[in-house]
Amino acid sequence: MGKKLTIFLVDGSETGPRTIEIGNWSGKAVYSQRSSLPKIIERQEFNRPGVYILKSMPNNDSYNERMYIGEAENLRKRLKQHLADSDRDFTEIVAFISKDEMLTKSHIKYLESRIITLAKEAKTAEIDNTVQPELTTLPEADISDMEYFLDQIKLIFPVVNFMFLVPSTLKQSENATVLEQPSNNSEMVYTVRSKKVAAKLIETEKGYVVLSGSQSSKTTSNSISEGWIKQRNKLIETGVLIDGGEFYIFKDNAIFSSISAATAVVLGRQAAGPVEWVDSAGRTFKQNQEKKFEGELNDEN
742 MGKKLTIFLV DGSETGPRTI EIGNWSGKAV YSQRSSLPKI IERQEFNRPG VYILKSMPNN
802 DSYNERMYIG EAENLRKRLK QHLADSDRDF TEIVAFISKD EMLTKSHIKY LESRIITLAK
862 EAKTAEIDNT VQPELTTLPE ADISDMEYFL DQIKLIFPVV NFMFLVPSTL KQSENATVLE
922 QPSNNSEMVY TVRSKKVAAK LIETEKGYVV LSGSQSSKTT SNSISEGWIK QRNKLIETGV
982 LIDGGEFYIF KDNAIFSSIS AATAVVLGRQ AAGPVEWVDS AGRTFKQNQE KKFEGELNDE
1042 N
């Protein structure tokens, strides 16, 4: 089922502050670049309790972004403190409040703790929070409300290009489903065409998944792009790729946004991903895709 998001550009600028609402949701998001924050911080939304996320440039070159997750009973007061803190060098912020003032201190602390947990599990961004807040004790009905509130928050993050909750590996609950697929449909499992490493890959709704136990070359060529080197280094740093002696081993099922990215990390060189992976019958990923789309076109005709 679809969702209706309403985005309002506060100053009419495509890069300026904006508010985001979802139909039938009591919450509201406010996004701003740091340079615009002093101008909009007097809005009534910032006089309420809420959770907020500050985005900064990463300290570690393996990551694309660094995040700090916080909560405050008065967002305006807390954010003014951050603006005055020269060590808090954030560039963007997104804050979440309740339009009906339903959020209490216990609620926002619950949301803060859950977001920090999800961020660390995702292994996607550098997280500034060194302390993991305890999950506050809430009545069962309130937990249900906050989990729904959190689901809406997670929908909004990518809309403002906060990608830190997009996971780089599959969750434990998803691993069993993935590992069952080889026995259900052998054509869904692809093996990399290489004499140096052995790796398996499947295509899922979440992306291209290199299966745990697959190998990755320890050496890299000059042809590999800087972005894929960063992705590879991040997987090593977060323990997704572990030392296996002659090569690295995928400890977890790792998600890639493109088959070429998966190929570059596995082989350690630039490669045309669609032709580097073959199924059990020797057909390449590219051939299977062409066959699939030809069949769909014939069905339409």
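So the mapping is simple: this note's numbering equals the position in the sequence shown, first residue as 1, plus 741.
Note that beta-carbon positions come from the ideal geometry of N, C-alpha and C, so glycine has one too.
Legend entry - Cβ-Cβ distance between Q956 and Y931 below 8 Å: The residue given as residue 956 occupies position 215 in the sequence shown. The residue given as residue 931 occupies position 190 in the sequence shown. No, they are not a contact pair.
Inset, instruction - Flag this pair as yes or no: are the beta carbons of L816 and L778 separated by less than 8 Å? - result: Counting from 1 along the sequence shown, the entry for residue 816 is found at position 75. Counting from 1 along the sequence shown, the entry for residue 778 is found at position 37. No, the pair does not count as a contact, with Cβ atoms beyond the cut-off.
Legend entry - Opening and closing residue of the alpha helix (DSSP H) in which I977 lies: Counting from 1 along the sequence shown, the entry for residue 977 is found at position 236. Unbroken alpha helix (DSSP H) run through I977: E967 to E978.
Legend entry - Contact the region 806-816 vs the region 862-872: 3+ CB pairs below 8 Å: yes
Legend entry - CB contact check: F831 to chain D, cutoff 8 Å: Protein chain content of the structure displayed is limited to a single chain, and chain D is not contained in it.
Inset, instruction - Take the Cβ of S964 as the centre, count every other Cβ of all protein chains shown within 10 Å, and call the residue buried at 16 or more, exposed below. - result: As a position in the sequence shown, residue 964 is number 223, starting the count at 1. Exposed, because fewer than 16 other Cβ atoms sit within 10 Å of the Cβ of S964.
Inset, instruction - Look at the alpha carbon of K745 and the alpha carbon of S909, and state the distance between them as a whole number of angstroms. - result: Your numbering for residue 745 matches position 4 in the sequence shown. Your numbering for residue 909 matches position 168 in the sequence shown. Our two residues, K745 and S909, have alpha carbons roughly 27 Å apart in a direct line.
Inset, instruction - List the whole-angstrom C-beta distance separating S803 from E1017, where the pair is believed to meet the contact cut-off of C-beta under 8 Å. - result: Within the sequence shown, numbered from 1, the residue matching residue 803 stands at position 62. Within the sequence shown, numbered from 1, the residue matching residue 1017 stands at position 276. Not really, about 24 Å apart at Cβ, beyond 8 Å.
Legend entry - First and last residue of the uninterrupted alpha helix (DSSP H) at Q774: Taking the sequence shown and counting its residues from 1, one reaches residue 774 at position 33. Careful: Q774 lies outside any alpha helix (DSSP H), inside the beta strand (DSSP E) at G768 to Q774.
Legend entry - Start-to-end residues for the alpha helix (DSSP H) that takes in Y889: On the sequence shown, residue 889 is found 148 positions in, with the first residue counted as 1. From DSSP, the alpha helix (DSSP H) with Y889 extends over E881 to I897.
Legend entry - Heavy atom of the ligand ADP within 7 Å of Q1011 beta-carbon: Absence of the ligand ADP from the depicted structure is noted, as is the absence of any ligand whatsoever, leaving it without description.
Inset, instruction - With DSSP collapsed to three states, give me the class of M742. - result: The residue given as residue 742 occupies position 1 in the sequence shown. Taken through DSSP and simplified to helix, strand or coil, M742 comes out as coil.
Legend entry - Cβ shell of K895 (< 7 Å), same chain only, five flanking positions each side left out: Mapped onto the sequence shown, residue 895 falls at position 154. Excluding residues within five positions, the ones whose Cβ falls inside 7 Å are L906.
Inset, instruction - Enumerate in chain order the residues of its own chain whose CB-to-CB distance from P758 is below 6 Å, with the five nearest sequence positions on each side excluded. - result: Stepping through the sequence shown from its first residue, residue 758 is reached at position 17. Cβ neighbours of P758 beyond the five flanking positions: V751, S773, S777 and I781.
Inset, instruction - Express the C-alpha separation of G753 and N994 in angstroms, rounding to a whole number. - result: In the sequence shown, residue 994 corresponds to position 253, counting from 1. In the sequence shown, residue 753 corresponds to position 12, counting from 1. For N994 and G753, the distance between alpha carbons rounds to 43 Å.
Legend entry - As assigned by DSSP and simplified to three states, the class of M843: Here residue 843 is taken as the residue at index 102 of the sequence shown, counted from 1. Three-state DSSP puts M843 in coil, outside helix and strand.
Inset, instruction - Return the CA-CA distance between V950 and E1035, expressed in angstroms with no decimal places. - result: The sequence position of residue 950 within the sequence shown is 209, counting from 1. The sequence position of residue 1035 within the sequence shown is 294, counting from 1. C-alpha separation (whole angstroms): 24 Å.
Inset, instruction - Please classify L876: is it buried, with 16 or more other beta-carbons within 10 angstroms of its beta-carbon, or exposed? - result: Start at 1 with the first residue of the sequence shown, and residue 876 comes out as number 135. With fewer than 16 Cβ atoms within 10 Å of its Cβ, L876 is classed as exposed.
Legend entry - Counterpart residues of K796 in DSSP-defined beta bridges: By one-based count along the sequence shown, residue 796 stands at place 55. Paired residue(s): M808 and E833.
Inset, instruction - Taking 8 Å as the cut-off, decide whether the C-beta atoms of S953 and K992 are in contact. - result: Here residue 953 refers to the residue found at position 212 when the sequence shown is read from its first residue. Here residue 992 refers to the residue found at position 251 when the sequence shown is read from its first residue. Closer than 8 Å, so yes.
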